[in-house]
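Colleague: The structure's right below; bear with me while I get my questions together.
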Amino acid sequence: MVSFRRGYQVEVCRKEKGFVVSYYAATVVCPLENNTYVVRYKDHLVNDESGPLIEKVLKDEVRPVPPEIIMITDLAYLDEVDAFDNDSWWVGKITGKHGSNYYVYFETTGDEIAYPLS
2 MVSFRRGYQV EVCRKEKGFV VSYYAATVVC PLENNTYVVR YKDHLVNDES GPLIEKVLKD
62 EVRPVPPEII MITDLAYLDE VDAFDNDSWW VGKITGKHGS NYYVYFETTG DEIAYPLS
């Protein structure tokens with residue numbers, strides 16, 4: 002498993018109802034001894050929106066930031082994709098295409114949303 006040092010840019014998988022299989026951009030504030038990290042989210046704010054949320058997360062909830070996004074133009078039915086929505090990346094599957102929109106189904110929420118290929 003990859004280890005991250007202070008200042009590393011990462012993504013954190015929120016493992017709570019409604020957020021499962023969504024990834025939020027964060028920075029490692031400090032690694033801790035017990036397989037945890039303290040992270041500061043880039044776009045996820047504290048409840049009063051006064052600043053970025055800082056919290057302790059488990060090591061298995063943290064992954065490296067993905068490489069630069071490369072546009073793929075030949076997506077197929079049931080291909081697994083990451084779709085950026087609501088300030089985070091959500092894992093879903095391609096369920097259809099209409100014009101320049103691809104429809105993505107999110108198993109965790111039961112939603113199907115159209116996204117333009119751009």
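Residue numbers for the sequence shown follow the working numbering, beginning at 2 and rising by one. Beta carbons are placed, not taken as given, at the ideal position from N, Cα and C, and that holds for glycine.
#1: Verify whether the separation of the beta carbon atoms of valine 30 and isoleucine 55 is less than 8 angstroms.
#2: Just the C-alpha distance for valine 11 and lysine 57, rounded to the nearest angstrom, thanks.
#3: Is it the case that the region 95-105 contacts the region 77-87, given that we only count it when at least three CB pairs across the two stretches are under 8 angstroms?
#4: Rank Glu81, Asn87, Ser23, Val63 by C-alpha distance to the C-alpha of tyrosine 9 and give the top, closest one.
#5: Using 8 angstroms as the threshold, is the C-beta distance between arginine 41 and proline 32 below it?
#6: Could you spell out where the beta strand (DSSP E) holding threonine 96 opens and where it closes?
#7: Can you tell me which of Cys14, Lys16, Ser4, Ala26 puts its alpha carbon nearest to the alpha carbon of aspartate 88?
#8: Secondary structure at aspartate 61, three-state DSSP: helix, strand or coil?
Modeller: On the basis of the supplied data:
#1: Between valine 30 and isoleucine 55, the C-beta gap is smaller than 8 angstroms, which places the two residues in contact.
#2: 14 angstroms
#3: yes
#4: It is Val63.
#5: no
#6: 89-99
#7: Ala26
#8: helix
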